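A short write-up of the structure that comes next.
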Amino acid sequence: MNLFSLSFSYLRRRPLLTLLNVLLLALGMATIVVLLLLGRQVEDRLTRNAQGIDLVVGAKGSPLQLILASIYHMDAPTGNIPVRKAQAVMQNRAVRQAIPLSLGDSYRGYRIVGTTHAYPQHYGAAVAAGTLWEAPYEAVLGARVAAETGLAVGDTFAGTHGLSAGGEAHGAHPLRVVGLLAPTGTVLDRLVLTGTETVWALHGDEEAGTPPGDGADAAAHRPEREYTALLIQYSSPMAQALFPRFINSQTTLQAAVPAFEISRLTNLLGVGIEAIRAFGILLIVAAALGVFVALTTALQERRYDLAMMRTLGASRAMLMGHILLEGVMLSLAGTAVGLLLGHGAAAVLGARVRQAQQMDLTGWTWVDAEGALILLAVAVGLVAALIPALQAYRTDIARTLARG
């Protein structure tokens, strides 16, 4: 007697109820899978992009906004800081390395960042084609920027003012692509890098109404040069306790600690995430109750069939296994559909986030916690089927057959 075929045939006899239980479990599984996939990827991206950055110094404003704009390039900057004030910070003994960033322009929504070679070196970026920039108006593209725009080494393009597509183009001063970066899995993949002097030249020359490099007269009319932010590494552990307080209390600048601000952001989002996760667990519990009710009801209808199976030689353990197998089959079906729905939903959400050029997320990956989730779903099916299975095990053949 094939228990699998027998259990499957009984499930097919109640297609609507079977489908309802499978979908209920699948929705709960999908909800938790989406949270697992996106949560793990976001956490990984946040950690990877902030690695090695102890402090961000910028203009006064929201410290979280400063972190999001300067490290993750997901928000507008809090403002700019004069170079003379920034240099005083960079030369402080507490600073081992300071990477300046100058923001304000973009190309097709991808941010153009004026900086130094220390920035790609910080993330261990390798040049896939060409070289890093050496002169003004030379640019290096991140891997995703190159793939999405189709630009290659030697091509030229005009950036636009502002950090989103649709701004005023710097048509008079195009940038020339001199290098393409290999994929890094960091924020560099969606940035256009150039020298700080290029950003200064673009904004200084256009604001002053003079062509680039027009001698002393041009220099006299240019506004004071500024950075948007400094990414700082400490020279000693003691600086961690003293330097941020010094910047915030003794200067007109702002110091924001990435680890603290990201932890604060995670805590703010955590309440909503936990609520969604609780909803997913509630759906799984509801699915377990549905399986229990379905199997219990079906058992009442099949007592005569089970008694006949006993007379034909089926053991008590076989009857119990038959009911347990139905519960496992329901849970496995719900798990399979839930995994597919969860990964598909994560892929759709990831694509929306990528279109907004905020963060690269995908649904087509696997996290270790999904294995535990599958085991949990199987356990839910077994537990839900346990009481009906025990009732099948205790079936009284004589009494059941006598009742007809």
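Under the numbering used here, think of the first position of the sequence shown as 65, with each following residue one higher. Even glycine gets a Cβ: it sits at the ideal position worked out from N, Cα and C. Keep in mind it's a predicted model, so treat the numbers as computed, not measured.
Beta-carbon contacts of residue i that lie in its chain and below 7 Å, excluding the five residues immediately before and after
{"i": "ALA94", "result": "GLY402, LEU405, GLY406 and ALA409"}
{"i": "HIS267", "result": "GLY168"}
{"i": "GLU290", "result": "ASN144, ILE145, PRO146 and VAL147"}
{"i": "GLY279", "result": "Reliability of the predicted coordinates at GLY279 is poor, the pLDDT of 46 falling under 50, and the value obtained from them is presented with this limitation in mind. The answer is none, since no qualifying residue turns up."}
Residue i versus residue j - alpha carbon distance
{"i": "ARG416", "j": "ALA182", "result": "31 Å"}
{"i": "ARG208", "j": "ARG175", "result": "12 Å"}
{"i": "SER126", "j": "THR260", "result": "24 Å"}
{"i": "VAL120", "j": "GLY435", "result": "39 Å"}
{"i": "THR330", "j": "SER73", "result": "48 Å"}
{"i": "GLY28", "j": "GLY92", "result": "The structure shown does not extend to residue 28, since the chain is modelled only from 65 to 468, so the question has no answer here."}
{"i": "THR250", "j": "ASN113", "result": "6 Å"}
{"i": "LEU128", "j": "PRO322", "result": "8 Å"}
{"i": "ILE348", "j": "THR82", "result": "15 Å"}
{"i": "LEU75", "j": "VAL355", "result": "11 Å"}
{"i": "ALA283", "j": "GLU202", "result": "In this prediction, ALA283 has a pLDDT of 48, which is less than 50 and means its spatial position is unreliable; what the coordinates show is noted afterwards. Each residue's alpha carbon lies about 21 Å from the other."}
{"i": "ILE326", "j": "LEU110", "result": "8 Å"}
{"i": "GLU288", "j": "GLN419", "result": "35 Å"}
{"i": "VAL392", "j": "LEU439", "result": "11 Å"}
{"i": "VAL97", "j": "MET423", "result": "19 Å"}
{"i": "LEU102", "j": "LEU132", "result": "18 Å"}
{"i": "THR180", "j": "THR195", "result": "14 Å"}
{"i": "ALA411", "j": "ARG380", "result": "47 Å"}
{"i": "LEU370", "j": "LEU437", "result": "33 Å"}
Contacting residues, own chain, Cβ-Cβ under 6 Å from residue i (five flanking each side not counted)
{"i": "GLN105", "result": "LEU425"}
{"i": "ALA293", "result": "VAL120, GLY122, SER134 and LEU165"}
{"i": "ALA453", "result": "MET384, ILE387 and LEU388"}
{"i": "PHE307", "result": "ALA158"}
{"i": "ALA193", "result": "VAL217 and LEU244"}
{"i": "GLY344", "result": "GLY92, THR95 and ILE96"}
Proximity winner among the options, relative to residue i (alpha-carbon distances)
{"i": "VAL263", "options": "SER300, THR224 and TYR298", "result": "THR224"}
{"i": "HIS137", "options": "GLY445, LEU333, SER395 and ARG254", "result": "ARG254"}
{"i": "TYR449", "options": "GLY143, LEU353 and ILE340", "result": "Reading off the sequence shown, one finds Ala at residue 449, where the question assumed Tyr. Answer by Cα proximity: LEU353."}
{"i": "ALA236", "options": "LEU252, LEU257, VAL217 and ALA265", "result": "ALA265"}
{"i": "ALA320", "options": "GLY445, PRO200 and LEU130", "result": "LEU130"}
{"i": "LEU396", "options": "GLN155, ALA350, LEU446 and GLN297", "result": "LEU446"}
{"i": "ALA350", "options": "PRO247, ILE451, VAL444 and GLN297", "result": "VAL444"}
{"i": "LEU252", "options": "LEU196, GLY226, TYR187 and LEU102", "result": "TYR187"}
{"i": "GLY243", "options": "THR258, VAL431, GLU232 and ALA342", "result": "THR258"}
{"i": "ASN66", "options": "GLU390, ALA342 and ARG458", "result": "GLU390"}
{"i": "VAL431", "options": "GLN314, GLU107 and ALA456", "result": "GLU107"}
Sequence-distant residues of the same chain with beta carbon closer than 8 Å to residue i, five excluded per side
{"i": "THR213", "result": "TYR171, ARG172, TYR174, LEU205 and PHE221"}
{"i": "TYR298", "result": "ASP118, LEU119, ALA158, VAL159, ARG160, GLN304 and PHE307"}
{"i": "LEU70", "result": "HIS386"}
{"i": "LEU99", "result": "ILE337, ILE340, ARG341 and GLY344"}
Notebook entry, point to check: Which residue spans inside the segment 106-167 form an unbroken alpha helix (DSSP H) run of at least 4?
Noted result: 127-134 and 147-154
List, from N- to C-terminal side, the alpha helix (DSSP H) runs of 4 residues or more that fit wholly inside the segment 298-385. 303-314 and 322-375
Please go through the segment 76-110 and give each complete beta strand (DSSP E) segment of 3 or more residues, from N-terminal end onward.
none
Practice item. Would you list, in sequence order, the uninterrupted alpha helix (DSSP H) runs of no fewer than 4 residues that lie entirely inside the segment 197-263? Key: 207-213
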